[in-house]
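Asks: Residue numbers (this note's numbering): 50 to 340. I am attaching a structure below and will ask some questions about it afterwards.
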Amino acid sequence: MILVTGANGQLGQSFQKMAAQYPNLQFLFAGSAQLDIGDNKAVKRFFQQHNLRGCINCAAYTAVDKAESEPEQAQRINVSGVQHLARACAAQHIPLIHFSTDYVYHSRQNRPFVETDAVSPKGVYARTKLQGERAALRLHPTGAMVIRTSWVYSEFGHNFLKTMLRLGAERPALSVVFDQIGTPTYAPDLAEAVLFIIDRVQHGVLSGSQLPGIWHYSNEGVASWYDFAQAIFDIQGLSCRVSPIETAKYPTPAQRPPFSVMNKLKIKNRLGVEIPHWRESLEKCLGEMGK
Ligand SMILES: NC(=O)c1ccc[n+]([C@@H]2O[C@H](COP(=O)([O-])OP(=O)(O)OC[C@H]3O[C@@H](n4cnc5c(N)ncnc54)[C@H](OP(=O)(O)O)[C@@H]3O)[C@@H](O)[C@H]2O)c1
């Protein structure tokens, strides 16, 4: 069985949805009530009680702005929690698939980031996520796969898409930042990519030894939040007018990277993952929500 932690978050629920397409793989989905990854004894006990073949860690402290006033909680989940899982996986010689963020990049450049580029996280969330990925790689060098992703949305949980749909239906006009550039990621696409990789390892098409290290995954293409909002309203047929504003006019407790587009050639070329364009996936998500 493969353990999925944080199973009730956006990505966790996306794994639950996409797992149905892989009946040969067996999963144990654990929400925070079943397994608190910040509790080392609970993690050890859980790993002793279940015969696990791998762990996919979808648990995280993701409240980017709140993290500025709750650094201990962010540290407990994004760093200590990952340490606990990495040690437990290393002890049992099973792989750990962990997710990190484009927020580790915070420099201005005009080409997509590659996995080996310098990192410069700003803010508690970004720093704790970087510490977490480093802990996973240090404590489980032969089995930790760290996937950096960006701008995650889905039909599950809270996200930018849902906020835009609500505001777009309530208001005649909205201002959205146009000077933060990145790529949206539809969480079920990311879950499917991971399941595809695991399935290929199971079938011997890929070797498990190819997986450790840092990887990028987002949808294809580039957008500003303004472009993303405009596309949501276009596809949904909402008449809400979107105006571009500068980040400086929309201050938040935590700074966001001005440019965090990631290069995905590594995961595509080495592992054979195919990635849809963000607009195609947005249409798919809105279709799912309309069912
Ligand atoms: N969302 C984004 O835009 C984004 C962007 C880049 C990277 N990422 C990364 O992608 C991954 C998945 O994010 P997401 O959007 O799915 O986040 P999410 O919807 O906020 O889900 C996180 C889940 O973690 C659980 N959790 C929190 N503390 C826990 C603990 N101590 N033990 C076990 N579970 C705990 C939460 O459960 P409760 O609700 O019960 O607390 C929640 O279900 C994370 O690593 C995140 O950093 C996300």
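Cβ atoms here follow ideal geometry from the backbone N, Cα and C, with glycine treated the same way. Source: prediction; values computed, not measured.
1) Is L145 closer than 9 Å to G181 when the C-beta atoms are compared?
2) Helix or strand or just coil, what does DSSP make of G339?
3) List the DSSP bridge partners of P293.
4) Is the closest heavy atom of ligand 1 to the C-beta of K178 under 8 Å?
5) Is T301 a contact residue of ligand 1, with contact defined as CB to any heavy atom under 8 Å?
6) Tell me the DSSP secondary structure of V168 in three-state form.
7) Quick check: I324 and A272, are their CB atoms within less than 9 Å of each other?
8) Please determine whether the Cβ atom of Y110 lies at a distance below 8 Å from any heavy atom of ligand 1.
9) Which residues in the same chain have their Cβ closer than 7 Å to the Cβ of P302, if we skip the five residues on either side of it in sequence?
10) Measuring CA to CA, which of S309, R305, L255 and K298 is closest to Y266?
11) Answer yes or no: do L244 and A68 have a C-beta to C-beta separation smaller than 9 Å?
12) Below 9 Å between beta carbons: does that hold for T198 and N127?
13) For R187, does the three-state DSSP call read helix, strand or coil?
14) Which residue wins for smallest C-alpha separation from I263, given the options I294, N57, R136 and V163?
15) Just to confirm my understanding: we take Q285, look at its own chain, exclude 5 residues before and 5 after, and list those with CB closer than 8 Å. What are they?
16) If L346 sits next to I316, beta carbons under 8 Å apart, how far is it from one beta carbon to the other, in whole angstroms?
17) Can you look up N127 in the DSSP assignment and give me helix, strand or coil?
18) Comparing the CB of G423 with every heavy atom of ligand 1, is any distance shorter than 8 Å?
19) Hey, is the region 190–210 in contact with the region 292–299, meaning 3+ C-beta pairs nearer than 8 Å?
20) Given a cut-off of 9 Å on the beta-carbon distance, is the pair P237 and S203 in contact?
Replies: To lay it out plainly:
1) Along the sequence shown, read from residue 1 onward, the residue named residue 181 stands at position 132. Along the sequence shown, read from residue 1 onward, the residue named residue 145 stands at position 96. Not a contact, by the Cβ cut-off of 9 Å.
2) Counted from its first residue, the sequence shown places residue 339 at position 290. Helix, per DSSP.
3) On the sequence shown, residue 293 is found 244 positions in, with the first residue counted as 1. Partner(s): V225.
4) Looking up residue 178 in the sequence shown gives position 129. True, at least one ligand heavy atom lies under 8 Å from that Cβ.
5) Here residue 301 is taken as the residue at index 252 of the sequence shown, counted from 1. Not under cutoff, so the answer is no.
6) By one-based count along the sequence shown, residue 168 stands at place 119. It is coil, neither helix nor strand.
7) Here residue 324 corresponds to residue number 275 of the sequence shown, with the count starting at 1. Here residue 272 corresponds to residue number 223 of the sequence shown, with the count starting at 1. Against a cut-off of 9 Å, the Cβ pair of A272 and I324 comes out as no contact.
8) Against the sequence shown, residue 110 aligns to sequence position 61. Yes - ligand 1 has a heavy atom lying nearer than 8 Å to the Cβ of Y110.
9) The count along the sequence shown starts at 1 and reaches residue 302 at position 253. Around P302: D114 and E117.
10) Counting from one through the sequence shown, the residue named residue 266 turns up at place 217. Of the candidates S309, R305, L255 and K298, the one whose C-alpha sits nearest the C-alpha of Y266 is S309.
11) Residue numbering aside, residue 244 sits at position 195 when the sequence shown is read from its first letter. Residue numbering aside, residue 68 sits at position 19 when the sequence shown is read from its first letter. Against a cut-off of 9 Å, the Cβ pair of A68 and L244 comes out as a contact.
12) Your numbering for residue 198 matches position 149 in the sequence shown. Your numbering for residue 127 matches position 78 in the sequence shown. Taking 9 Å as the Cβ cut-off, T198 and N127 do not qualify as a contacting pair.
13) If you number the sequence shown from 1, residue 187 lands on position 138. Helix, per DSSP.
14) Counting from 1 along the sequence shown, the entry for residue 263 is found at position 214. Checking every option, the nearest Cα to that of I263 belongs to V163.
15) For the purposes of this step, residue 285 is taken as residue 236 along the sequence shown, with counting starting at 1. The answer, listed in chain order, is L214, G217 and L335.
16) There is no way to answer for residue 346, as the model of the chain reaches only from 50 to 340.
17) The residue given as residue 127 occupies position 78 in the sequence shown. Of the three classes helix, strand and coil, the one that applies to N127 here is helix, per DSSP.
18) Outside the displayed span of the chain (50 to 340) sits residue 423, for which this structure offers no information.
19) no
20) Within the sequence shown, numbered from 1, the residue matching residue 237 stands at position 188. Within the sequence shown, numbered from 1, the residue matching residue 203 stands at position 154. Yes. Within cutoff.
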